[in-house]
Amino acid sequence: MCGIIAHVGDREALDPLVTGLEKLEYRGYDSAGIAVKNGHGLDVWKCSGQVSDLKRTIDTVESNATLGIGHTRWSTHGPPTDENAHPHTDDSDRVAAVHNGIIENYETLKEKLSEDGYEFTSDTDTEVIPNLISYYLDRGNEPLAAFEHAVSDLDGSYAIATVIEGSDSIFAARQGSPLVLGLEEDNYYLASDVPAFLGQTDTVLYLDDGDVLEVRSDGVEIIDEEGHLAQREVEQVDWQPGETEKAQFDHYMLKEIHNQPESLQKTLEGRFDRDRGEIDLDLEIDLSGVESVQLVACGTSYHAAMFGASLLNQCGVSARAIRASEYDVSAGTPSEETLCIAVTQSGETADTLTALKRAKKAGATSLAVTNVVQSSAAREADEPIYIRAGPEIGVAATKTFSSQAVTLTLLSQYLAEITDGGEPLDTLEELVSDLSELSDAVEQVLQTSGAERLSRTYLNEKAYFFIGRGLGCSVAKEGALKFKEVTYEHAEGFASGELKHGPLALVTERTPVFTICVDDSQKTVTNAEEAKTRGAPIVAVCPPDHEVVDTADEHLYVPDMHPVCSYLLANVQLQLLSYYSATELDRAIDKPRNLAKSVTVE
Ligand code: F6R
Numbered sequence: 364m365c366g367i368i369a370h371v372g373d374r375e376a377l378d379p380l381v382t383g384l385e386k387l388e389y390r391g392y393d394s395a396g397i398a399v400k401n402g403h404g405l406d407v408w409k410c411s412g413q414v415s416d417l418k419r420t421i422d423t424v425e426s427n428a429t430l431g432i433g434h435t436r437w438s439t440h441g442p443p444t445d446e447n448a449h450p451h452t453d454d455s456d457r458v459a460a461v462h463n464g465i466i467e468n469y470e471t472l473k474e475k476l477s478e479d480g481y482e483f484t485s486d487t488d489t490e491v492i493p494n495l496i497s498y499y500l501d502r503g504n505e506p507l508a509a510f511e512h513a514v515s516d517l518d519g520s521y522a523i524a525t526v527i528e529g530s531d532s533i534f535a536a537r538q539g540s541p542l543v544l545g546l547e548e549d550n551y552y553l554a555s556d557v558p559a560f561l562g563q564t565d566t567v568l569y570l571d572d573g574d575v576l577e578v579r580s581d582g583v584e585i586i587d588e589e590g591h592l593a594q595r596e597v598e599q600v601d602w603q604p605g606e607t608e609k610a611q612f613d614h615y616m617l618k619e620i621h622n623q624p625e626s627l628q629k630t631l632e633g634r635f636d637r638d639r640g641e642i643d644l645d646l647e648i649d650l651s652g653v654e655s656v657q658l659v660a661c662g663t664s665y666h667a668a669m670f671g672a673s674l675l676n677q678c679g680v681s682a683r684a685i686r687a688s689e690y691d692v693s694a695g696t697p698s699e700e701t702l703c704i705a706v707t708q709s710g711e712t713a714d715t716l717t718a719l720k721r722a723k724k725a726g727a728t729s730l731a732v733t734n735v736v737q738s739s740a741a742r743e744a745d746e747p748i749y750i751r752a753g754p755e756i757g758v759a760a761t762k763t764f765s766s767q768a769v770t771l772t773l774l775s776q777y778l779a780e781i782t783d784g785g786e787p788l789d790t791l792e793e794l795v796s797d798l799s800e801l802s803d804a805v806e807q808v809l810q811t812s813g814a815e816r817l818s819r820t821y822l823n824e825k826a827y828f829f830i831g832r833g834l835g836c837s838v839a840k841e842g843a844l845k846f847k848e849v850t851y852e853h854a855e856g857f858a859s860g861e862l863k864h865g866p867l868a869l870v871t872e873r874t875p876v877f878t879i880c881v882d883d884s885q886k887t888v889t890n891a892e893e894a895k896t897r898g899a900p901i902v903a904v905c906p907p908d909h910e911v912v913d914t915a916d917e918h919l920y921v922p923d924m925h926p927v928c929s930y931l932l933a934n935v936q937l938q939l940l941s942y943y944s945a946t947e948l949d950r951a952i953d954k955p956r957n958l959a960k961s962v963t964v965e
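Sequential numbering from 364 applies to the sequence shown in this note's numbering.
Rendered as structure tokens:
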């Protein structure tokens, strides 16, 4: 949660800081702020609201500063007020700090510092950081030593960047929250995520937990958690700056929905052989001894995990999707024969990382199915499988769900092939053949979808229900999550057979029931009929010649392909429905209220 950016170099800092914040706003948009070091000391501008509000404040500022930090916030400690916005300064305004994460022992530290006469003005945990640094400066430490002492006093998770009066360096630290360094000749950028500086450089260096850094315009010094000078590998990212722009689209969400033909192609590239019907994920790890699979994830990624678990079970591989936030209370103890798969777009979701660590500690083998190269999950797991969907900026996940589900589909067939008792789907050949047509089929859905018209037909209803069975249940749940996230309307996704066990009491003529049915499940058709009998309008999301068509009042058609593909196409229809419904309701589509894309607190 929260986005941080820092710049030091030979060019003016304000511009890249503001651009960086705009690119990071998906991580939080409650308040924003910037601090730069000028000849006379530190200048800090911050306010509640979005980066656009901050921009109005600094519009007329002329600054030659070449060193600064910035922050966009998703509130945890204290409401989104001007006072609680970052950067926070010490009480003598010598140190400014931005922080992503949680300082767990901040109350103890605050009490101690208050007793020593340091004054606090915000409700945040972050404010202890600049005051601690100040405390150590006051005791004769040089800036780097003062920063290192302060960091060693902190418990919790953090990525921190600071500027200190009198020093030409940025001091930064990483522990459990992402921080990546961008390197351009004589200019350095530190950020929570690569898109923040992708317009300037694609040369990056990923930091490790426990790293402390001093970044100057002439170089970087990294000190690892043992206190030794460390070298980290310099890498090139293969994301293009244009991928983080909205281009001709009104919203990132719509752009990312439309990007799916391309992103799916990248996900699938080189991972299967259509002619031989074979899957090759190029894994180094030996998974042949796996007896059961736990897929841990949150939100949309959890729905992709459900999709994967459903396929694995169909193939005789015992699998369970587990909500990562419930892992410690509901997963039981994994064994050495358990494979734990963390499914996470960002690779930084705290609940998912905690579950992954627990599983590893119990002896499980692990994989991370993630979009972000070198993310925490990618490093924590025994091996990452990258979904290669490209950057996703819209807070509502769209293209990454499709890429996760496709990756897990390939993985399920691979595991079924190599493990005892597993057997790939007997339709594998058809599946592989249809996967190679999936991008074209998505394009067809995007070109012909009736979702925009339908969004107007069912505007302002009392609630929206989505039902499906098996793979269709994960799509129903994802359809409902997307709908509620961006429209703020009440939506629920159910296993279709569950409707009659309670939710049917909510069904009226004001509750459209979106019925996702692409295979020969007669049961879902019956469940739709049960809802129709109670007056609910039925919208069938199905191939044109499916039997459910006759029960339905309206339709969102998908090409008739292997069920795995048709279900993913059904999901694309529901993404469009959510998007256009939210447009009609004039919602903040790319930044829904109260949400943030990457949730790095439990
Ligand atoms: C919904 C959404 C969230 C995320 C969830 C997990 O559109 O984006 O529900 O899916 O916060 O995030 P990752 O996948 O980054 O672990």
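In this text, a Cβ means the ideal position worked out from N, Cα and C, and glycines have one as well. Computed from a prediction, not measured in an experiment: that's the story for all the values here.
*asked:* Which residue marks the beginning of the beta strand (DSSP E) containing F501, and which one marks its end?
replied: Note on identity: in this sequence residue 501 is Asp, with Phe being the wrong assignment. That residue, D501, is in no beta strand (DSSP E); its alpha helix (DSSP H) goes V491 to D501.
*Going by DSSP, which residues form a beta bridge with Q992?*
Here the chain comprises residues numbered 364 to 965, so residue 992 is not present and cannot be evaluated.
*Would you say the beta carbon of V838 comes nearer than 7 Å to a heavy atom of ligand 1?*
no
*asked:* Which residue marks the beginning of the beta strand (DSSP E) containing E598, and which one marks its end?
replied: V597 to Q599
*Which of helix, strand or coil does DSSP assign to R634?*
coil
_Let me check you understand the geometry: is the CB of T712 closer than 7 Å to at least one non-hydrogen atom of ligand 1?_
yes
_Check whether V656 and A687 have beta carbons under 8 Å apart_ = no
*State yes or no: is the C-beta of L844 nearer than 7 Å to some heavy atom of ligand 1?*
yes
*asked:* Check whether the stretch 739-748 and the stretch 721-729 touch, using three or more Cβ-Cβ pairs below 8 Å as the test.
replied: yes
*Just curious, the alpha helix (DSSP H) that I620 is in, first and last residue?*
Unbroken alpha helix (DSSP H) run through I620: Y615 to H621.
*Counting along the chain, where does the beta strand (DSSP E) carrying V808 start and finish?*
No beta strand (DSSP E) contains V808, which is instead part of the alpha helix (DSSP H) from L801 to T811.
*Could you spell out where the alpha helix (DSSP H) holding Y943 opens and where it closes?*
P926 to E947
_Spatially closest choice to D643 from V680, E584, E755 and E780, by CA coordinates_ = E780
*Hey, would you say G860 sits closer than 8 Å to N890, going by beta carbons?*
yes
*Runs of beta strand (DSSP E) wholly within the stretch 735-774 (minimum 3 residues, chain order)*: 746-749
*asked:* One question on the structure: do P443 and G396 come within less than 8 Å of each other, judged by their Cβ atoms?
replied: By the CB criterion at 8 Å, P443 and G396 fall outside the cutoff.
*Express the C-alpha separation of L771 and A668 in angstroms, rounding to a whole number.*
8 Å
*asked:* The beta strand (DSSP E) that contains H591, what's its start and end?
replied: First-last for H591: undefined, no H or E at that position.
*4-residue-minimum alpha helix (DSSP H) runs that sit fully inside the stretch 818-884, ordered along the chain*: 834-850
_Residue range of the unbroken alpha helix (DSSP H) whose run includes R579_ = Looking at the DSSP string, R579 is not in any alpha helix (DSSP H); the run it does join, the beta strand (DSSP E), is V575 to R579.
_Best match in V904, D486, L631 and A752 for proximity to L794 [C-alpha to C-alpha]_ = L631
*Reduced DSSP category for Q657 - H, G, I as helix; E, B as strand; rest coil*: Of the three classes helix, strand and coil, the one that applies to Q657 here is strand, per DSSP.
*If you draw a straight line from the C-alpha of W602 to the C-alpha of E474, how long is it?*
If I take the Cα positions, the gap works out to 45 Å.
_Taking a contact to mean a Cβ-Cβ separation below 8 Å, would you say T728 touches V653 in this structure?_
Yes, they are a contact pair.
*Quickly, what does DSSP pair R355 with across the bridge? List them, please.*
Any answer about residue 355 is impossible in this case: the structure gives the chain only from 364 up to 965.
_I'd like to know whether the C-beta atoms of G590 and Q538 end up nearer to each other than 8 Å._
no
*Is the distance from the Cβ of S497 to the Cβ of V458 below 8 Å?*
yes
*Can you check the stretch 409-447 for any alpha helix (DSSP H) of at least 4 residues that lies completely inside it and give the ranges in chain order?*
414-421
*Give the range of the beta strand (DSSP E) segment to which A524 is assigned.*
G519 to I527
*asked:* For T715, would you say it is in contact with chain D, using Cβ-to-Cβ distances shorter than 8 Å as the test?
replied: No chain D appears in the structure shown, which is made up of a single protein chain.
_Taking a contact to mean a Cβ-Cβ separation below 8 Å, would you say A535 touches A524 in this structure?_
Yes.
*Roughly how many angstroms separate the alpha carbons of T484 and Y392, rounded to a whole number?*
In a straight line, the C-alpha of T484 is about 21 Å away from that of Y392.
*asked:* Are there any heavy atoms of ligand 1 lying less than 7 Å away from the beta-carbon of Q737, as far as the coordinates show?
replied: no
*Is DSSP giving A959 helix, strand or coil here?*
coil
*Using 10 angstroms around the beta-carbon of D649, count the other beta-carbons present and answer buried if the total reaches 16, otherwise exposed.*
Classification of D649: exposed, given that the 10 Å Cβ count is below 16.
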